[in-house]
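A.B. asks: The sequence shown begins at 91 in this note's numbering and counts up one residue at a time.
My questions will all concern the structure given below.
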Amino acid sequence: MPPISLYETCLDRIIELIKVKHWSEERENPFSRLPSRIVELLVEVCGTSQKIRKFSYFRMLLRSGKLRQLKLCFPVIFIDTCMVLPQMLTEKGCMNITVLELDRNFKNRRNAWLEKLLQKLPLLESLSVQTLFNPRALKDCKRLKSVKVIRIFSCGEFLYDAVDTLSHMKDLEEFDILQYTTQRISNAIFLKVVKLLNNHDKLTSLRFTDSSRAAHHIMANNIRGRHPRYGLRKCSWTIGIGSFEDITALKLSFLQRIVSSVLLFPFVEELEILVLSDDCFEYLKELKHLRSLKMYFNRHSTYQLDFSFLSGIGGQLRHLCIISFKEIPVNAIS
Numbered sequence: 091m092p093p094i095s096l097y098e099t100c101l102d103r104i105i106e107l108i109k110v111k112h113w114s115e116e117r118e119n120p121f122s123r124l125p126s127r128i129v130e131l132l133v134e135v136c137g138t139s140q141k142i143r144k145f146s147y148f149r150m151l152l153r154s155g156k157l158r159q160l161k162l163c164f165p166v167i168f169i170d171t172c173m174v175l176p177q178m179l180t181e182k183g184c185m186n187i188t189v190l191e192l193d194r195n196f197k198n199r200r201n202a203w204l205e206k207l208l209q210k211l212p213l214l215e216s217l218s219v220q221t222l223f224n225p226r227a228l229k230d231c232k233r234l235k236s237v238k239v240i241r242i243f244s245c246g247e248f249l250y251d252a253v254d255t256l257s258h259m260k261d262l263e264e265f266d267i268l269q270y271t272t273q274r275i276s277n278a279i280f281l282k283v284v285k286l287l288n289n290h291d292k293l294t295s296l297r298f299t300d301s302s303r304a305a306h307h308i309m310a311n312n313i314r315g316r317h318p319r320y321g322l323r324k325c326s327w328t329i330g331i332g333s334f335e336d337i338t339a340l341k342l343s344f345l346q347r348i349v350s351s352v353l354l355f356p357f358v359e360e361l362e363i364l365v366l367s368d369d370c371f372e373y374l375k376e377l378k379h380l381r382s383l384k385m386y387f388n389r390h391s392t393y394q395l396d397f398s399f400l401s402g403i404g405g406q407l408r409h410l411c412i413i414s415f416k417e418i419p420v421n422a423i424s
């Protein structure tokens with residue numbers, strides 16, 4: 091076993107001093123003199139230490155003004171997180187934060203505290219949370235590039251407000267709502283997707299709803315000229331999942347939507363698609379940048395057990411996931 095380094099010994103000692111509240115707020119904050127990367131490391135070490143059981147011990151670190159990345163994703167469950175975090179993060183402590191990641195410790199039914207916190211982060215560029223909040227709290231985060239919301243329920247109202255708010259963020263690159271369940275989402279949402287696509291040339295990830303209908307609308311109405319192309323790298327063409335649309339009408343428009351999507355989003359690297367008909371396979375072969383493909387087949391899907399089109403995509407395809415009502419033998423996709 092290698093000997094413990096002086097650096098590790100110093101970190102250990104600092105954690106001990108934090109635990110006994112050695113530093114008082116009445117004095118100068120000692121952490122305000124340290125480099126940002128050291129303060130961020132101390133937050134991480136505190137979060138994984140068995141010695142720290144209350145989130146209030148983080149106070150001096152959070153108020154140092156040195157944090158640029160605040161990633162509160164810990165294996166330890168603190169009993170006082172949502173209560174004390176807004177109080178500890180002063181405007182001075184928040185002024186340099188560009189990245190905010192909050193795990194399930196910060197999941198709460200009443201999220202006024204999160205909204206107040208977001209309003210203190212004018213330099214925020216990346217947000218990842220596991221709870222809903224009022225998206226309007228982001229209106230002053232003009233530098234925002236990435237928004238990810240994970241494992242939530244009934245996100246319909248949040249979705250509409252979020253799209254409206256994020257439409258004004260010119261640097262937006264990613265908007266993802268992952269692992270969610272919801273009630274029916276209004277068909278009108280596709281018009282909001284059209285607006286996002288046309289107003290954000292830097293957009294690379296759009297995984298909160300089906301984007302194939304928006305693609306077909308853009309093509310059918312010649313919104314971006316004859317041969318438009320968008321830079322999306324990650325998207326979902328999950329037509330009708332979680333909705334009660336007429337399946338006959340969906341099937342009739344399915345292939346048109348996929349053709350439009352392949353033409354508009356030729357650089358897609360990660361794709362989720364609900365396959366209503368295997369006629370689309372011929373067009374998926376044109377996605378030469380595809381690295382990850384997740385295909386859903388439901389009870390309405392029409393398809394044969396022929397996945398030879400995968401070889402046409404190319405050797406860059408590394409991840410394949412198939413979810414089907416029917417049993418699919420492994421040799422069908424080999």
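By construction, the Cβ of each residue, glycine as well, lies at the ideal position given by its N, Cα and C atoms.
Based on Cα-Cα distance, which residue from Leu-395, Phe-387, Ser-350 and Leu-364 lies nearest to Glu-376?
C.D. replies: Nearest of Leu-395, Phe-387, Ser-350 and Leu-364 to Glu-376, Cα basis: Ser-350.
A.B. asks: Whose C-alpha, out of Gln-220, Val-365 and Lys-378, is nearest the C-alpha of Gln-406?
C.D. replies: Comparing Cα-Cα distances from Gln-406 to each of Gln-220, Val-365 and Lys-378, the minimum goes to Lys-378.
A.B. asks: Quick one: is Lys-156 buried, meaning 16 or more other Cβ sit within 10 Å of its Cβ, or exposed?
C.D. replies: Label assigned to Lys-156: buried.
A.B. asks: Buried or exposed for Asp-261, going by 16 or more other Cβ atoms inside 10 Å?
C.D. replies: With fewer than 16 other Cβ atoms within 10 Å, it is exposed.
A.B. asks: Three-state secondary structure (DSSP) at Gln-273?
C.D. replies: Any reading at Gln-273 must be qualified, since the residue scores a pLDDT of 48, below 50, and its modelled position is unreliable; the value itself is stated next. Coil, per DSSP.
A.B. asks: Just to confirm the assignment: which complete beta strand (DSSP E) runs, minimum length 3, are found wholly within the stretch 260-305?
C.D. replies: Runs of the beta strand (DSSP E) inside the stretch 260-305: 264-268 and 295-297.
A.B. asks: If you drop the 5 nearest sequence neighbours on each side, which residues of the same chain put their C-beta closer than 6 Å to that of Ile-279?
C.D. replies: Result list for Ile-279: Thr-299, in chain order.
A.B. asks: So, at 6 Å on beta carbons, what are the nonlocal neighbours of Arg-389 in its own chain, with the 5 sequence-adjacent residues on each side left out?
C.D. replies: Result list for Arg-389: Phe-415, in chain order.
A.B. asks: Please go through the same chain and pick out, in chain order, the residues whose beta-carbon is closer than 6 Å to the beta-carbon of Leu-395, but skip the five residues on each side of it.
C.D. replies: Answer for Leu-395: Ala-422, listed in chain order.
A.B. asks: What does Trp-203 pair with, by DSSP beta-bridge criteria?
C.D. replies: Beta-bridge pairing links Trp-203 to no other residue.
A.B. asks: With a cut-off of 8 Å, do at least 3 Cβ pairs link the stretch 303-315 to the stretch 249-266?
C.D. replies: In short, these stretches do not touch, since the Cβ pair count stays below three.
A.B. asks: Between the stretch 280-300 and the stretch 337-344, do three or more beta carbon pairs fall short of 8 Å?
C.D. replies: Contact between the stretch 280-300 and the stretch 337-344 is absent, because fewer than three Cβ pairs lie under 8 Å.
A.B. asks: Measure the C-alpha to C-alpha separation of Thr-272 and Glu-247 and round it to an integer number of angstroms.
C.D. replies: Only weak support exists for where Thr-272 lies, its pLDDT of 49 falling under 50; the value from the coordinates is given anyway. If I take the Cα positions, the gap works out to 10 Å.
A.B. asks: Does Val-189 come out as helix, strand or coil in the three-state DSSP assignment?
C.D. replies: It is a strand residue.
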